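Student: The structure follows.
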Amino acid sequence: MASLIVTGGRPLSGTIRVSGAKNAALPILAASLLAEGAVALYDCPRLRDVENMLAILRALGVCCSWEGEALLLDPSTANAYVMPQGLSKELRSSIFMLGPLLARFGHAVCTFPGGCEIGHRPIDLHLRGLAMLGVEIREEHGLILCEGRSMTGTDIHLDYPSVGATENIMMAAVRAEGETVIQNAAREPEIEDLQAFLRKLGYAVTGAGSSTIRICGSHALGAGEQPVGCISHRVIPDRIVAGTLLCAAAVAGGEITLKNAVPAHVASVMAKLREAGCTLSAEGDTIHIASCARPREIKLIETLPYPGFPTDMQAQFFTLCTIANGTSMIVENVFENRFKHGAELLRMGASFTQKDRTIVIRGVERLMGTRVVARDLRGGAALTLAGLAAEGETIVENAELIDRGYECFDGMLASLGAEIRRKDTE
Ligand code: UD1
């Protein structure tokens, strides 16, 4: 158990480098199973979700080690297709292993995945996509048993542009005979990064970043004509970490500069921060934000698949709106149960009403520090931001949830001048 203890009222200042993206790293780690030789990953964040994914890979026989900045993976020793049950329940992204396991072994066995409690998060789109490639799927005693020794490429139209389903299908389809076309594919930057990695492995994948992705697959091992020697890949910067830090500056006040950011990936977030009265500029991989005295209200934030406003930034903007000068509205379209931070913010003096997926927030001049509990990863980050703006001391309990998505969140904020410390308890 861990808590973050924040004393509010300190404006932020300074420069900080954004880490590699968790949501890009996790599917790439799964895809490493599709490499024939060694892989060196750079900028892979050292997060609990990543360590869990590495533990899953090790259980399947992959050699994984951190060597300085690089994460080295050698999948040539992989020898199992049954996912370890306990670890799979810890991590929703364990579901990403289905596609690569099927591609590599023709079989995969996994449990229904765990992860943050943000809605039902079914996996029907993943399973339906794999079934369309010819995978036979059975459920037995809570296990999902997949057999896909003769997958065949086909047209798959997703009912919804699910990020995970798009990635899983891409990874399975590299070994399906013939062409697979994914229509209504998710367009997130992390999918482009997965495509870049698969292409380095020699697979013919095109279209990521658009709604139509094409994969030319082949049953034959080595058909991808993989390059000889170690394949190296640098994970893209984390747009949610970047967005959270920008939001922190908007909430706490002050001026900060982000390095290793991709401004295009946070365009929707930057637009909303400008609406709140912040001044932002971007050049190359640098973003600068100067906040105003008190944020202005944001008329409407609607979470949507990329390039729309990210659901993973909803909680942080919820915090911002609680102290805005006016009334803001947030509609959460992506997940049905993602307002748990609201109840905690109420305890800090926030004022809002909720109807179904819509929140109307009347900004108050000041939040009051108190003891609050993180219920999920982004909600925990949002409560920490609330602590930056609150009067007195805020204690965010369950802070280990924040570790799932931020490398030393307290250290990042402290380096920008926040008064924050961490307390670990048994
Ligand atoms: C990914 C991100 C997560 C982000 C989310 C939406 C990773 C590791 N995680 O999660 O941080 O919040 O995208 O941007 O990349 N759905 C179904 N059936 C399915 C799959 C999804 O109904 O088979 C629904 C989900 O319940 C949810 C919506 O589709 O309501 C979006 O989910 P999806 O895009 O799949 O998100 P994840 O890949 O789980």
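Residue numbers (the numbering used here): 2 to 427. Note that the Cβ used here is the ideal one computed from N, Cα and C, for glycine as well. Quantities reported herein were computed from a predicted structural model and do not represent experimental measurements.
1) Should residue 57 go down as buried or exposed, given a rule of 16 or more other Cβ atoms within 10 Å for buried?
2) What do you reckon, are the CB atoms on residue 399 and residue 375 nearer than 8 Å?
3) Quick one: Cα of residue 345 to Cα of residue 318, how far?
4) With residue 356 as the anchor, note down where its beta strand (DSSP E) starts and where it stops.
5) Determine the DSSP secondary structure at residue 347, reduced to helix, strand or coil.
6) Under the DSSP definition of a beta bridge, which residues are partnered with residue 41?
7) So, helix, strand or coil for residue 90, using DSSP?
8) Going by the C-beta, is residue 407 closer than 7 Å to any heavy atom of the ligand UD1?
9) Can you find the residues in the same chain that come closer than 6 Å, C-beta to C-beta, to residue 128, ignoring five residues on each side of it along the sequence?
10) Excluding five sequence neighbours on each side, which residues of the same chain lie with their C-beta closer than 6 Å to the C-beta of residue 289?
11) Work out the CA separation of residue 212 and residue 187 for me, nearest whole Å.
12) Whether or not the segment 404-415 and the segment 270-280 are in contact is what I'm after, with contact meaning three or more pairs of Cβ atoms, one per stretch, closer than 8 Å; do they touch?
13) May I ask you to check if the CB of residue 191 is nearer than 7 Å to at least one heavy atom of the ligand UD1?
14) Return yes when the Cβ of residue 397 is within less than 8 Å of the Cβ of residue 365, no when it is not.
15) Can you check which of these residues, 26, 76, 421, 52, is closest to residue 37 by C-alpha distance?
16) Looking at the ligand MG, does it come within less than 7 Å of residue 335, judged from the CB to the closest heavy atom?
17) Who are the near neighbours of residue 361 in its chain, counting only those whose CB is closer than 7 Å to its CB and skipping five residues on each side?
18) Buried or exposed for residue 119, please, with buried defined as at least 16 other CB atoms from any protein chain shown within 10 angstroms of its CB.
Tutor: On the basis of the data shown:
1) Your numbering for residue 57 matches position 56 in the sequence shown. When all chains shown are included, residue 57 counts as buried.
2) Residue numbering aside, residue 399 sits at position 398 when the sequence shown is read from its first letter. Residue numbering aside, residue 375 sits at position 374 when the sequence shown is read from its first letter. In contact: residue 399 and residue 375 (Cβ atoms closer than 8 Å).
3) Here residue 345 refers to the residue found at position 344 when the sequence shown is read from its first residue. Here residue 318 refers to the residue found at position 317 when the sequence shown is read from its first residue. If you take the alpha carbons of residue 345 and residue 318, they lie about 15 Å apart.
4) Within the sequence shown, numbered from 1, the residue matching residue 356 stands at position 355. Taken as a continuous stretch (DSSP letters only), the beta strand (DSSP E) holding residue 356 covers 352-356.
5) On the sequence shown, residue 347 is found 346 positions in, with the first residue counted as 1. If DSSP states are grouped into helix, strand and coil, residue 347 belongs with the helices.
6) Walking along the sequence shown from the start, residue 41 turns up at place 40. DSSP lists 73, 233 as partners of residue 41.
7) Numbered from 1 along the sequence shown, position 89 holds the residue referred to as residue 90. Three-state result, residue 90: helix.
8) Looking up residue 407 in the sequence shown gives position 406. No, Cβ of residue 407 sits at least 7 Å from all heavy atoms of the ligand UD1.
9) Within the sequence shown, residue 128 is the residue found at index 127, counting from 1. Cβ neighbours of residue 128 beyond the five flanking positions: 138.
10) Mapped onto the sequence shown, residue 289 falls at position 288. The residues are 258, 282.
11) Within the sequence shown, residue 187 is the residue found at index 186, counting from 1. Within the sequence shown, residue 212 is the residue found at index 211, counting from 1. The straight-line gap from Cα to Cα measures roughly 6 Å.
12) no
13) Locating residue 191 in the sequence shown gives position 190, counting from the first residue. Because some heavy atom of the ligand UD1 lies under 7 Å away, the Cβ of residue 191 counts as near it: yes.
14) In the sequence shown, residue 365 corresponds to position 364, counting from 1. In the sequence shown, residue 397 corresponds to position 396, counting from 1. The answer is no: Cβ separation not under 8 Å.
15) Here the question's residue 37 lines up with position 36 in the sequence shown. Closest option to residue 37, Cα to Cα, is 76.
16) Questions concerning the ligand MG fall outside what the structure shown contains, since the ligands it does hold are the ligand UD1.
17) For the purposes of this step, residue 361 is identified with residue 360 of the sequence shown, where counting begins at 1. Cβ neighbours of residue 361 beyond the five flanking positions: 328, 330, 353, 354.
18) As a working note, residue 119 is residue 118 in the sequence shown. Because residue 119 sits at a pLDDT of 46, beneath the cut-off of 50, its placement in the model cannot be relied upon, and the following sentence gives the value as read from the coordinates. Counting Cβ neighbours within 10 Å, residue 119 comes out buried, since at least 16 surround it.
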